[in-house]
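Asker: Protein chains in written order, with the numbering used here: chain E, -18 to 445; chain D, -18 to 445; chain H, -18 to 445.
We put the CB at the ideal spot given by N, CA and C, even for glycine.
Submitted below is the structure of interest, expressed as structure tokens.
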Amino acid sequence: LLWHRENTNIKWSLPAVCFVWQLSMIILFGVFVRYNEESDTHWVDYRKEKNITSDIENDYYFRYPSFQDVHVMIFVGFGFLMTFLKRYSFGAVGFNFLVAAFGIQWALLMQGWFHSLDYTDGKIKIGIENLINADFCVAGCLIAYGAVLGKVSPVQLLVMTLFGVTLFAVEEYIILNVLHAKDAGGSMVIHTFGAYYGLSISWVLYRPNLDRSKHLNGSVYQSDMFAMIGTLFLWMFWPSFNSAIADHGDGQHRAAINTYLALASTVLTTVAMSSLFEKTGKLDMVHIQNSTLAGGVAVGTAAEFMLSPYGSLIVGFFCGIISTLGYIYFSPFLEEKLKIQDTCGIHNLHAMPGVIGGIVGAISAAAATNTVYGDLGLENTFDFTGPFAKRVPTIQGGYQAAGLCVALCFGIGGGIFVGLVLKLPIWGDPADENCFDDEIYWEVRQVFFFLLTFYRFFSIKAIT
Amino acid sequence: LLWHRENTNIKWSLPAVCFVWQLSMIILFGVFVRYNEESDTHWVDYRKEKNITSDIENDYYFRYPSFQDVHVMIFVGFGFLMTFLKRYSFGAVGFNFLVAAFGIQWALLMQGWFHSLDYTDGKIKIGIENLINADFCVAGCLIAYGAVLGKVSPVQLLVMTLFGVTLFAVEEYIILNVLHAKDAGGSMVIHTFGAYYGLSISWVLYRPNLDRSKHLNGSVYQSDMFAMIGTLFLWMFWPSFNSAIADHGDGQHRAAINTYLALASTVLTTVAMSSLFEKTGKLDMVHIQNSTLAGGVAVGTAAEFMLSPYGSLIVGFFCGIISTLGYIYFSPFLEEKLKIQDTCGIHNLHAMPGVIGGIVGAISAAAATNTVYGDLGLENTFDFTGPFAKRVPTIQGGYQAAGLCVALCFGIGGGIFVGLVLKLPIWGDPADENCFDDEIYWEVRQVFFFLLTFYRFFSIKAIT
Amino acid sequence: LLWHRENTNIKWSLPAVCFVWQLSMIILFGVFVRYNEESDTHWVDYRKEKNITSDIENDYYFRYPSFQDVHVMIFVGFGFLMTFLKRYSFGAVGFNFLVAAFGIQWALLMQGWFHSLDYTDGKIKIGIENLINADFCVAGCLIAYGAVLGKVSPVQLLVMTLFGVTLFAVEEYIILNVLHAKDAGGSMVIHTFGAYYGLSISWVLYRPNLDRSKHLNGSVYQSDMFAMIGTLFLWMFWPSFNSAIADHGDGQHRAAINTYLALASTVLTTVAMSSLFEKTGKLDMVHIQNSTLAGGVAVGTAAEFMLSPYGSLIVGFFCGIISTLGYIYFSPFLEEKLKIQDTCGIHNLHAMPGVIGGIVGAISAAAATNTVYGDLGLENTFDFTGPFAKRVPTIQGGYQAAGLCVALCFGIGGGIFVGLVLKLPIWGDPADENCFDDEIYWEVRQVFFFLLTFYRFFSIKAIT
């Protein structure tokens, strides 16, 4: 039996895409992007004009530590979390690197046009907050990568990111600016959108014969350890993620506390569920690597609200349970019944907790009162100023819920469209029997691999 | 020969403990824990009232970067440092994760009752400093875990942590508040207490036949590399650890400098000793992974004092020597004569350097003068205010020494008590021949492990 | 055939060097080093005197987050980047640790004498900026280590570092103080100097029979993954590196933005070139691990200038191309024609991008105008004050170029001198057939290594 081998040669397409897109970035940045007043040498004049007493009040010092933590989450966190597959670690961490490096540039432009355009000169003015938002935007695309890990070519990933960032910028503008919903940690804007975007793409790209490479669709001891590096850096720095663009002062402070607590709670219920569903109570690394993070996703929207410490613990408690149950029951169901192959289980880590996070945000916004927040505090937290000066918490709750729907629609709709684009037979994606295999796109030095080769040899024979 | 197999089924006990304790946390947080004035939406009013000119003076901005570094030390530092065993890496990093996630919640409550209780409404008010202190508290329990690594069940670890955090909060209150001793980096409060707590537990749980699993009680090349990730993140972020809760301004600044220098010095003497005691001067990874950190432990108490840069170097110099000698001579002695099996050698890394740190702190406090510190500086550094306004440095030195004794007593006494509790035959701990083996508590994918299995097969045959 | 075995016994030389040098550090620190006014307990008086309104204006809070990121780059970044060799990971991360721990102490003294000497009492006064500069200084020596990785003994590395730090401090003084060139991210001072220093040493130490250990001069799958940890932490934290000692406020802010963008651009062109030059467009991990960082090197000097966001992208664009071409064409040429064996390819990652960075810095300085910078901004950015009050941008450009030449001269001249010192047959360096092998200087536990031993056994037989 000789299977049809797809053409995975990307010798021209990958360099072409990289060069052309990077050149376009240079041209667009040349036309549009400049430093904002806090990163420009004119800051010294601006400081005097605005009567700012010290350089330390530059936004840079409010946000730089959080920015660096978010940056680590994007490149090491997401990158290493996906290295769990036994021989797709290069693809996990390497393509994550490529996609994110492109995505942040495109995001600076797309988000800049919507949020940071200076109408006096038509330029996008960037500062530290733009860098954080670009990282956030890319996070959505990296979540989507989790669903198709091992089954697509790097060119497809770049296309996914180009469209993903574009869709993200639009839905973000609608949710945050038009609907004036709040979403500091991005439960809706990042996680719900990103997860359904990825799942929809994976649904369109369904591979009925994926089990031909099932011998590679699993972990080994060392690859599970590398994945734990990703898990822990995501887990530890999540308080920075949810607080990075929150309000100065109490806003950032509270977002960090809420996230810290929600994540702690999630770990215990994840361990409990994992143990409960295995024979003799053993733990499964898949759950520890993923479900322990669900609380951070779900507390994203409400992180800067007065959710209360115990409120955060409750959110984490349920998300650990739901996410672990997702891995045990829902992932097989998705694959068999709905034909969605979700390599990393992003439905359990991002989709469900993201939706929960949107709902928690809507409810806690609707329930906000002047007694709890204080008059000024309520206005500050929800930005009930300018055109939104007359909005009240219950109405805000409704707009939060509307925001969640927008994220879902953009994720599902955009994902189906992009999935169809990626179905074109020009992208160099691997054949079913070559999925999850670094050898297709990477020079792999062998030595230790002869073991795996033996293993593969026998598995393939068994199938044939 | 058929050995007795212990019942390591934790299918009911582990989920039960996790769920019940997490629910208790939620209830207790609901009753007791609220945001403090810097993380509450009323901050805007508080700022005006206290005449604080900028949001940047929120304690969050003084401590958040250090907090995140400490957080990394707890979860990646301690977690990966313990992955050196060839097949207990899941247990090292996974149970470290579980224990710390529970411990920080319980610590927020225990430390909150002692230190952050608002008597006007009976609530614990938390902010960033509480999160750091909770991480510190858990560090004591994770040090103790090092002594029993591979020999206990996760349920036992949770019990150890429950009691450990409780004991920690009490001894900390006595040392810092009653005795008014200073201990910014926790040489006494964290390291001395944690190490003797763990060693005492290990003494009570002594296993005479532990050599039945000695084939697993060692490292392989890759596991040593993972452990170096832990070592380096602990080493690099230790300046943040010792400065995290030091006084704003010069206090944090000085604590970071002292720790940076002490650790640098330790590396050189550790390498020297390691090389001196091996044939042909080869280095031993065990020493590099552990003893290089001893200087950070020993400079903990005095980190915010005017120890002088050269004083820090001297402390690091001797700790590198003593700690490495501990691994070479003292650990075998502890195991053979005192019946204390100390998997990670915490006696060399935490116990001895911790005691040295307490002594250095007492001496340098007693030697403090107005000339060196300045009048205001002396008052600020040692908090000679309120009821302690009349205390002088020599007296302070005595109280520092008393603090060290309290830490020792709580560590040893508490450890013996908790050890006896853990000796009950209900906790699902592994049999002697199953120690240091991830397969007991984790689903382990095999592939590479057939090598280890062969090895184990032949070792066991040899013993039988 | 019996090869001559070099004497690699370092049982006396390594401990002796470590002890004697560390003792010297203690004595010199005792005589010379004290806390500066911001880390001394007299800060409280100083604050009043200088009318500083809040502790947050202590330089510590401006620079500590960047300092910790730089610290991670030095110890985890450089250390893990060099672990790519299949069995020299202990040497990579361990000797990096040793060398850096010694180097930062010696750098505090050397740089202190040149930059932080208080002439009123003859003491070096240190604070957070000195710690960052010491880390920077060591970075130069660690770059040099990359050229000789696997071919020298730890004693040789310490000697290299002793001389390297000394040379660094002198060239830095000439470039920054005498020529008054700007070099925030050290393209010239750190990268150009460090790379040519290492390459020159490697040239003097040329080993014609190095192919006797070529079976070990390559990577395996796991070692490539460990190296990616180093790559990513360098890549992510490079914005902190280039901004760490930039001017407060807009200076640090702009340096971070420029570096972030240059690095993103580099990733895309590196991937493009790597794919373009491999059969079927596969990617090579060597390029991804190294060339993706070239943009950070090349934007170092100009990072705090008004380079513009698109200017940074352009720099990164060309550096990704040049650096990858370097690995493909230039490294073999260097080895075969110029007799320079460059284990890590530092010529491609540091030397060429460093020189480019110096040139970019000179051009962008010469092109600075009052229109773009503002009058005050120009003065602030280039420190046109005091004795340099009359300097204009075009002249500054010339001095920048002169600075680049100084860095080159010190690197090449110093490297040749130190190379000759290291050629003395007293340092315990390995024989040609033992290069790149951890077993020479480390206790290595075997188990997994029997595979490698087989491999080596057959390779050596084949050569014989």
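By how many angstroms is the C-alpha of E:His229 removed from the C-alpha of E:Phe43?
Answerer: Rounded to the nearest angstrom, the two C-alpha atoms are 7 angstroms apart.
Asker: Starting from the beta carbon of D:Glu19, find every residue of chain E whose beta carbon is closer than 7 angstroms, and list them in chain order.
Answerer: Those within 7 angstroms of D:Glu19 in chain E are Asp231 and His234.
Asker: Strictly by DSSP, which residues pair up with E:Lys106?
Answerer: Paired residues: E:Arg15.
Asker: Drop a sphere of 10 angstroms on the beta-carbon of E:Tyr310, count the other beta-carbons inside from all chains shown, and report buried for 16 or more, exposed for fewer.
Answerer: The residue is exposed, with fewer than 16 neighbouring Cβ atoms inside 10 Å.
Asker: With a threshold of 8 angstroms between beta carbons, is H:Gly395 in contact with chain E?
Answerer: Chain E contact via Cβ: absent.
Asker: Check whether the region 329 to 346 of chain H and the region 278 to 297 of chain H touch, using three or more Cβ-Cβ pairs below 8 angstroms as the test.
Answerer: Cβ pair count under 8 angstroms is three or more, so yes.
Asker: Got a sec: which bits of the region 67 to 92 of chain D sit with their beta carbon under 7 angstroms from any beta carbon on chain E, in order along the chain?
Answerer: Within the region 67 to 92 of chain D, the residues whose Cβ lies closer than 7 angstroms to some Cβ of chain E are Ser70, Phe71, Val74, Gly75, Phe78, Leu79, Ala82, Phe83, Ile85 and Gln86, listed in chain order.
Asker: Near H:Asp40, what residues of its chain come up, given a Cβ to Cβ distance below 7 angstroms and the 5 sequence neighbours on each side ignored?
Answerer: Glu19, Gly108, Ile109 and Glu110, listed in sequence order.
Asker: Could you spell out the range, first to last residue, of the alpha helix (DSSP H) harbouring D:Ala382?
Answerer: From DSSP, the alpha helix (DSSP H) with D:Ala382 extends over Pro374 to Leu403.
Asker: Taking 8 angstroms as the threshold, find out whether the region 126 to 134 of chain H comes into contact with the region 407 to 416 of chain H through three or more Cβ pairs.
Answerer: Touching, yes, given that three or more Cβ pairs across the two stretches are closer than 8 angstroms.
Asker: Are at least three pairs of beta-carbons, each pair with one atom in the region 396 to 403 of chain H and one in the region 52 to 65 of chain H, less than 8 angstroms apart?
Answerer: No, the region 396 to 403 of chain H is not in contact with the region 52 to 65 of chain H.
Asker: Return no unless some Cβ of chain D is closer than 8 angstroms to the Cβ of E:Asn271.
Answerer: Taking Cβ atoms only, chain D never reaches closer than 8 angstroms to E:Asn271, which makes this a no.
Asker: Can you give the beta carbon distance from D:Trp87 to D:Val170, rounded, assuming they're within the 8 angstroms contact cut?
Answerer: About 17 angstroms; that fails the 8 angstroms criterion.
Asker: Let me know the secondary structure DSSP gives D:Trp481 once reduced to three states.
Answerer: Since the first residue shown for chain D is -18 and the last is 445, residue 481 of chain D is missing from the structure and cannot be characterised.
Asker: Quick one: Cα of E:Tyr202 to Cα of D:Val425, how far?
Answerer: Spanning the two alpha carbons is a distance of roughly 7 angstroms.
Asker: For D:Gln3, would you say it is in contact with chain E, using Cβ-to-Cβ distances shorter than 8 angstroms as the test?
Answerer: At least one chain E Cβ lies under 8 angstroms of D:Gln3.
Asker: Do D:Tyr291 and H:Gly11 have their beta-carbon atoms positioned less than 8 angstroms apart in this structure?
Answerer: Contact flag set, yes.
Asker: Please specify which runs of the beta strand (DSSP E), each continuous and at least 3 residues long, are wholly inside the region 100 to 146 of chain H, giving them in chain order.
Answerer: Whole beta strand (DSSP E) segments, 3+ residues: 104 to 107.
Asker: Within this structure, are the beta carbons of D:Ala125 and D:Tyr178 separated by less than 8 angstroms?
Answerer: Contact flag set, yes.
Asker: Are H:Asn77 and H:Met91 touching if we call contact CB-CB under 8 angstroms?
Answerer: Result no, Cβ atoms of H:Asn77 and H:Met91 do not sit closer than 8 angstroms.
Asker: Please confirm whether H:Phe59 and H:Trp423 have their CB atoms less than 8 angstroms apart.
Answerer: No, Cβ-Cβ distance for H:Phe59 and H:Trp423 is not below 8 angstroms.
Asker: From this set, E:Thr101, E:Gln381 and E:Gly167, which residue's C-alpha is nearest E:Ala120's C-alpha?
Answerer: It is E:Gly167 whose Cα lies nearest to the Cα of E:Ala120.
Asker: For H:Ile182 and H:Leu148, I'd like the C-alpha separation in whole angstroms.
Answerer: H:Ile182 and H:Leu148: Cα-Cα distance of roughly 14 angstroms.
Asker: CA-CA distance, E:Ser224 and E:Leu244?
Answerer: Distance between the alpha carbons of E:Ser224 and E:Leu244: 14 angstroms.
Asker: Could you pull out every residue in the same chain whose Cβ sits closer than 7 angstroms to the Cβ of H:Tyr154, ignoring the five residues on either side in sequence?
Answerer: Hits under 7 angstroms: Phe95.
Asker: Count the other C-beta atoms from every protein chain shown that fall within 10 angstroms of the C-beta of D:Tyr100, then say buried if there are 16 or more, exposed otherwise.
Answerer: Counting Cβ neighbours within 10 Å, D:Tyr100 comes out exposed, since fewer than 16 surround it.
Asker: Of the residues D:Ser289, D:Leu357 and D:Thr261, which one's Cα is nearest the Cα of H:Ile8?
Answerer: Nearest C-alpha to H:Ile8: D:Ser289.
Asker: State the start and end residues of the unbroken alpha helix (DSSP H) segment that holds D:Glu285.
Answerer: Careful: D:Glu285 lies outside any alpha helix (DSSP H) and carries neither H nor E.
Asker: In terms of residues, what are the limits of the alpha helix (DSSP H) holding H:Gly166?
Answerer: Taken as a continuous stretch (DSSP letters only), H:Gly166 belongs to no alpha helix (DSSP H), as it is neither H nor E.
Asker: Answer yes or no: the CB of D:Gly396 versus the heavy atoms of the ligand MG, is any distance below 7 angstroms?
Answerer: Of ligands this structure carries none, so the ligand MG is not represented either.
Asker: Between the alpha carbons of D:Glu285 and H:Trp24, how many angstroms are there, rounded?
Answerer: Cα to Cα, the separation comes out at about 13 angstroms.
Asker: From E:Asn(-10) to H:Thr261, what distance separates their C-alpha atoms?
Answerer: Spanning the two alpha carbons is a distance of roughly 5 angstroms.
Asker: If you run the structure through DSSP and keep just helix, strand and coil, what is E:Phe186?
Answerer: Looking at the sequence shown, residue 186 of chain E is not Phe but Leu. In this structure, E:Leu186 counts as coil in the three-state DSSP scheme.
Asker: If the cut is a Cβ gap below 8 angstroms, which residues of chain E does D:Pro46 touch?
Answerer: Pro46, listed in chain order.
Asker: Residues in the region 274 to 285 of chain D with C-beta within 7 angstroms of chain E's C-beta atoms, listed in sequence order?
Answerer: Under the 7 angstroms Cβ criterion, the region 274 to 285 of chain D contributes no residue.
Asker: Is the region 273 to 284 of chain H touching the region 234 to 244 of chain H, taking contact as three or more C-beta pairs under 8 angstroms?
Answerer: Judged by Cβ distances under 8 angstroms, the region 273 to 284 of chain H makes contact with the region 234 to 244 of chain H, as three or more pairs qualify.
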